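Protein chains in written order, with the working numbering: chain D, -9 to 183; chain W, -9 to 183.
Okay, structure first, notes after.
Protein chains: 2
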Amino acid sequence: MNKSKEKILASAKELFHEYGFQQTSVDEILKKSGVTKSNFYYHFKSKEELGLIILERFIKQYEADVLMKTLGNKSLDPSERLIEFYKAVRMFHRDLHNPKGCPFGNMAIEMSGSNENFREKLSAFFNSWEKVIEECINEGMSTGDFRSDLHPGVVAQLILSHLEGAIMMVKTHRSIEPLSSGSETIMRLLKAA
Amino acid sequence: MNKSKEKILASAKELFHEYGFQQTSVDEILKKSGVTKSNFYYHFKSKEELGLIILERFIKQYEADVLMKTLGNKSLDPSERLIEFYKAVRMFHRDLHNPKGCPFGNMAIEMSGSNENFREKLSAFFNSWEKVIEECINEGMSTGDFRSDLHPGVVAQLILSHLEGAIMMVKTHRSIEPLSSGSETIMRLLKAA
DNA sequence: TTATTAGGACTAACTAGTCAGTACTAAACA
DNA sequence: TGTTTAGTACTGACTAGTTAGTCCTAATAA
């Protein structure tokens, strides 16, 4: 059931990631999903509603498929978790022919200035993402994996900021290098003396 | 002379920074600058041409007013230069009611996937920006300001990536904190042992 | 029966861009 | 001296296409 609705969600998710929310027209979503306009507006009351639903779903999927399986994997050492996390992110951005950037970072830059609904959701997600990193750093400081002369929260914030900036560079330079060498350097800087 | 042309450039620069290139219509630029459409197309052959000219000008202005006066200020110690640079960036983003983000980072995310002219200009500028940072880091490693067990180029790349990500966070969270605490942490991590 | 899908015509506002023609100035010419 | 020419800056009306979203009808599942 709801075959059309799922088709719309899947198509729009890809289009929003590649072209951005505002630069993707409803007609393009219709064309890609093969759904009629009336059916679209039967399922979603507006393009904005669709965008917010897709954002929510993407967040939940990312938390489950990436964050929990790497940073939240308690069977690994904290530093191994961080390495696995970076590996997963590199995998996510491995299409270097046309890197699409971070779906959350893209949307944050595109929408934060013009739509509070998007901004608030993204701000909350970045905070929660940071918390997951912080827990890993905190534990790594206890185990001696990481140097412990810094606040875990501040380090987590630095890691997330750097990650988003590095993905921006990957997209702009069409090269994975800023992400791979940047994450390596972060790991070295965090190593306990 | 060329009063209209300068008005267009000034208005469009602000609008592009606040709303992005694609989200700013020619009509909005016309309205803000008080210039007629036909006059606009007398001075610029297309909206894209205007965007590229504004990007070029913004780059030159930023290099002269920010980069050269801070990171390129040879009368300061390398670590002081970096501190001054961060201070200047924070000043640039001090409007926290509605932080507009980095004009270059915004444009990179918005345009890199769809327009090679913008992408190439931004990629080249990020490289040159990185070089300016690298020179400062390199000198700081010689003077003992910074730890010298890392490649200056890699550190410079990390600093720029982090900066762009931090500015993205400032825009999303509407708080300067990710930038101020992040830059402080970067300074501490770079300190020689 | 109720939820879903299809079709298509339609709107009002907005999009980038074009066009023929005007006003002004300053140099070149006769 | 007056006249022509040329370049610059500018104007209002216009086009063709796109935008998100509406409305109504009818067919097709569950």
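Ideal Cβ placement from N, Cα and C applies to all residues, glycine included.
Nothing here was measured: the structure is a model prediction, and the numbers come from that model.
Problem - Beta-carbon proximity list for Met131/D, same chain, < 7 Å, skipping 5 on both sides - result: Ser138 and Pro142
Handout entry: Val122/D: contacting residues in chain W (beta-carbon distance under 9 Å)
Key = Result: empty, since nearest Cβ-Cβ is about 16 Å, beyond 9 Å.
Handout entry: the segment 0 to 17 of chain W: positions lying closer than 9 Å to chain D by Cβ
Key = Glu8, Tyr9, Gly10, Gln12 and Gln13
Exercise for the section: Check the Cβ of Val145/D against every Cβ in chain W and list those closer than 8 Å, keeping chain order. Expected result: Thr175
Practice task
Could you tell me whether the Cβ atoms of Leu205/W and Val122/W are closer together than 9 Å?
Solution key: Any question about residue 205/W goes unanswered here, given that chain W covers just -9 to 183.
Practice task
Would you list the one or two residues that DSSP bridges to Phe136/D?
Solution key: Lys181/D
Problem - Interfacial residues, the segment 44 to 73 of chain W to chain D, with Cβ spacing under 7 Å - result: none
Practice task
Pull out every residue of the segment 82 to 98 of chain D whose Cβ sits closer than 7 Å to any Cβ of chain W, in chain order.
Solution key: Asn88, Lys90, Gly91, Gly95, Asn96 and Ala98
Exercise for the section: Output, in chain order, the set of chain W residues within a Cβ distance shorter than 9 Å of Arg178/D. Expected result: Asp139 and Leu140
Handout entry: Cβ-based burial, Asp17/D [other Cβ within 10 Å; buried from 16]
Key = exposed
Exercise for the section: State yes or no: is the beta carbon of Asn128/D nearer than 9 Å to at least one beta carbon in chain W? Expected result: no
Exercise for the section: Specify the secondary structure class of Asp85/W as computed by DSSP and reduced to three states. Expected result: coil
Problem - Contact the segment 45 to 53 of chain W vs the segment 22 to 32 of chain W: 3+ CB pairs below 8 Å - result: no
Handout entry: Delimiting residues of the alpha helix (DSSP H) encompassing Val145/D
Key = Pro142 to His163
Exercise for the section: Check whether the Cβ atoms of Gly91/W and Ser102/D lie closer than 9 Å to each other. Expected result: yes
Practice task
Please classify Asn63/W: does DSSP put it in a helix, a strand, or coil?
Solution key: coil
Handout entry: 7 Å Cβ cut-off: residues of chain D touching Ser118/W
Key = Within chain D, no residue comes near Ser118/W; the closest Cβ sits about 13 Å away, beyond 7 Å.
Practice task
Kindly say whether Glu38/D, judged by its beta-carbon, lies nearer than 9 Å to any beta-carbon of chain W.
Solution key: no
Handout entry: Alpha carbon of Ile49/W to alpha carbon of Ala146/W, nearest angstrom
Key = 19 Å
Practice task
Alpha carbon to alpha carbon, how far is Asn128/D from Gly10/D? Give it in angstroms, no decimals.
Solution key: 35 Å
Exercise for the section: Starting from Gly24/D, trace the alpha helix (DSSP H) both ways and give me its first and last residue. Expected result: Here Gly24/D belongs to no alpha helix (DSSP H), and DSSP marks it neither H nor E.
Practice task
Determine the burial state of Glu(-4)/W: buried for a count of at least 16 other Cβ atoms within 10 Å of its Cβ, exposed for fewer.
Solution key: exposed
Practice task
Identify the continuous alpha helix (DSSP H) that holds Lys90/D and give its terminal residues.
Solution key: First-last for Lys90/D: undefined, no H or E at that position.
Exercise for the section: Under 7 Å between beta-carbons, which chain W residues line up against Glu154/D? List them in chain order, please. Expected result: Gly155 and Met158
Problem - Interface flag, Leu42/D vs chain W, CB-CB below 9 Å - result: no
Problem - Sequence-distant residues of the same chain with beta carbon closer than 7 Å to Phe115/W, five excluded per side - result: Ile49 and Phe94
Problem - Rounded separation between Glu74/W and Ile157/D - CA only - result: 26 Å
Practice task
Flag Lys77/D as yes if its beta-carbon sits less than 9 Å from any beta-carbon of chain W, otherwise no.
Solution key: no
Exercise for the section: Please determine, among Ser1/W, Ser118/W and Pro168/W, the residue with the shortest C-alpha to C-alpha distance to Gly62/W. Expected result: Ser118/W
Practice task
Give the residues of chain D in contact with Ser(-6)/W, contact being defined as C-beta atoms less than 9 Å apart.
Solution key: Result: empty, since nearest Cβ-Cβ is about 27 Å, beyond 9 Å.
Exercise for the section: Starting from the beta carbon of Ser113/D, find every residue of chain W whose beta carbon is closer than 7 Å, and list them in chain order. Expected result: Thr162 and His163
Problem - Beta-carbon proximity check, Lys22/W vs Leu40/W, cutoff 9 Å - result: no
Handout entry: Contact list for Ser171/W against chain D, beta-carbon separation under 7 Å
Key = Val144 and Gln147
Practice task
Verify whether the separation of the beta carbon atoms of Asn88/D and Glu8/D is less than 9 Å.
Solution key: yes
Exercise for the section: State yes or no: is the beta carbon of Arg109/W nearer than 9 Å to at least one beta carbon in chain D? Expected result: yes
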